[in-house]
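Everything in the sequence shown is counted per the numbering used here, starting at 86 for the first residue and increasing by one.
For reference, the structure is listed below as structure tokens.
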Amino acid sequence: MNMLEKILELDRAVFIFLNGLHNPFFDFIMYWLSDKLIWIPFYAFIIYILVREYKKKTFFILIAITFLITICDQTASGFLKPFFKRLRPSHEENLKDVIHLSDAGPGGKYGFISSHATNVFGLAVFLILLLPVKYTNLKIILFAWALLVSYSRIYNGVHYPLDIICGIILGTFYGFLVKNLYSKASTYFKI
């Protein structure tokens with residue numbers, strides 16, 4: 086067995102363990118943590134904070150965030166998933182009897198890497214770097230939110246841990262990148 090096979094075998098074993106830790110209370114919670122619409126009030130609150138803190142600059146911050154989410158999502162879903170073609174655990178025939186799948190269903194065919202993890206970590210890292218120190222509590226909440234949304238994808242049976250870990254790494258990279266680009270652009274254009 087080569088190194089990649091060992092890693093994938095470990096990934097599968099960790100997935101089975103984590104996905105097996107379910108109960109009716111958390112089934113409900115984790116289902117909703119993965120849903121994009123449930124977070125609209127949270128996003129509205131973040132926009133409110135941005136407007137309060139940055140006034141007119143918020144427009145340019147929202148453009149940066151739109152760019153960030155676009156590159157996160159397109160890299161994960163548009164490039165990496167079709168390139169690697171790693172089946173989601175929910176589409177693995179040999180896991181169908183052991184997997185706990187949420188009511189959200191099996192998701193698309195391929196899962197490497199997680200778009201959810203990439204997107205939420207990209208946004209969280211960007212905002213954590215952007216917001217002043219006085220928002221430390223919000224920064225902690227953003228990090229916890231990104232972790233919970235990412236973990237919910239394993240719990241719900243649609244991603245392996247490695248899908249999530251790589252999504253976290255990619256989202257973190259893009260969060261840093263876009264924050265640096267935004268800072269340089271705002272200095273150059275005196276935004």
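For every residue, glycine included, the Cβ atom is placed at its ideal position computed from N, Cα and C.
Give me the Cα-Cα distance between isoleucine 225 and aspartate 96, rounded to the nearest whole angstrom. The residue given as residue 225 occupies position 140 in the sequence shown. The residue given as residue 96 occupies position 11 in the sequence shown. Each residue's alpha carbon lies about 28 Å from the other.
Could you spell out the range, first to last residue, of the alpha helix (DSSP H) harbouring asparagine 204? As a working mapping, residue 204 is identified with position 119 in the sequence shown. Taken as a continuous stretch (DSSP letters only), the alpha helix (DSSP H) holding asparagine 204 covers 200 to 215.
In terms of DSSP beta bridges, what is leucine 247 paired with? As a position in the sequence shown, residue 247 is number 162, starting the count at 1. Per DSSP, none; premise fails for leucine 247.
Counterpart residues of leucine 172 in DSSP-defined beta bridges: For the purposes of this step, residue 172 is taken as residue 87 along the sequence shown, with counting starting at 1. BP columns for leucine 172 point to Tyr195.
Name the two residues that bound the continuous alpha helix (DSSP H) containing tryptophan 117. Position 32 of the sequence shown holds residue 117. First-last of the alpha helix (DSSP H) with tryptophan 117: 109 to 119.
So phenylalanine 145 and isoleucine 276 are supposed to be a Cβ contact under 8 Å. How far apart are they, rounded? Residue 145 sits at position 60 when you count from the first residue of the sequence shown. Residue 276 sits at position 191 when you count from the first residue of the sequence shown. So it is a contact: roughly 5 Å between Cβ atoms.
Closest by C-alpha distance to arginine 137, when choosing among Tyr240, Leu216, Trp124: Working through the sequence shown from its first residue, we reach residue 137 at position 52. That would be Leu216, whose Cα lies nearest to the Cα of arginine 137.
Would you say the beta carbon of lysine 194 comes nearer than 7 Å to a heavy atom of the ligand FAD? Among the ligands in the structure shown, none appear at all, so the ligand FAD cannot be discussed.
Can the beta-carbon of tyrosine 278 be found less than 8 Å from the beta-carbon of cysteine 157? Residue coverage of the chain in this structure runs from 86 to 276, which leaves residue 278 outside it and unanswerable.
How would you call valine 218, buried or exposed, if buried means at least 16 neighbouring beta carbons within 10 angstroms? Along the sequence shown, one-based indexing puts residue 218 at 133. Exposed.
Taking the Cβ atom as the reference point for each residue, do serine 199 and arginine 238 lie within a distance shorter than 8 Å? Against the sequence shown, residue 199 aligns to sequence position 114. Against the sequence shown, residue 238 aligns to sequence position 153. A contact, by the Cβ cut-off of 8 Å.
Comparing alpha-carbon positions, which option in Gly207, Phe113, Phe111 lies nearest phenylalanine 152? The residue labelled residue 152 in the question sits at position 67 within the sequence shown. Comparing Cα positions, the closest option is Gly207.
CB contact flag (alanine 209, leucine 233, <8 Å): Numbered from its first residue, the sequence shown carries residue 209 at position 124. Numbered from its first residue, the sequence shown carries residue 233 at position 148. No; because the gap between Cβ atoms is not below 8 Å, this pair is not in contact.
Can you give me the C-alpha to C-alpha distance between glutamate 94 and alanine 270, rounded to a whole angstrom? Looking up residue 94 in the sequence shown gives position 9. Looking up residue 270 in the sequence shown gives position 185. Near 45 Å, if we compare the C-alpha coordinates of alanine 270 and glutamate 94.
Quick check: the Cα distance between isoleucine 101 and glutamate 177, rounded to an integer number of angstroms? One-based indexing of the sequence shown puts residue 101 at position 16. One-based indexing of the sequence shown puts residue 177 at position 92. Looking at the two C-alpha atoms, the distance is approximately 12 Å.
Rounded straight-line distance, which links the Cα of proline 246 to that of alanine 189: Along the sequence shown, one-based indexing puts residue 189 at 104. Along the sequence shown, one-based indexing puts residue 246 at 161. Roughly 18 Å separates the two Cα atoms.
What residue from Gly242, Ser268, Tyr267, Thr257 has the CA that sits closest to aspartate 112's CA? As a first step, residue 112 is located in the sequence shown; it is residue number 27 there, counting from the start. The residue with the shortest Cα to Cα distance from aspartate 112 is Gly242.
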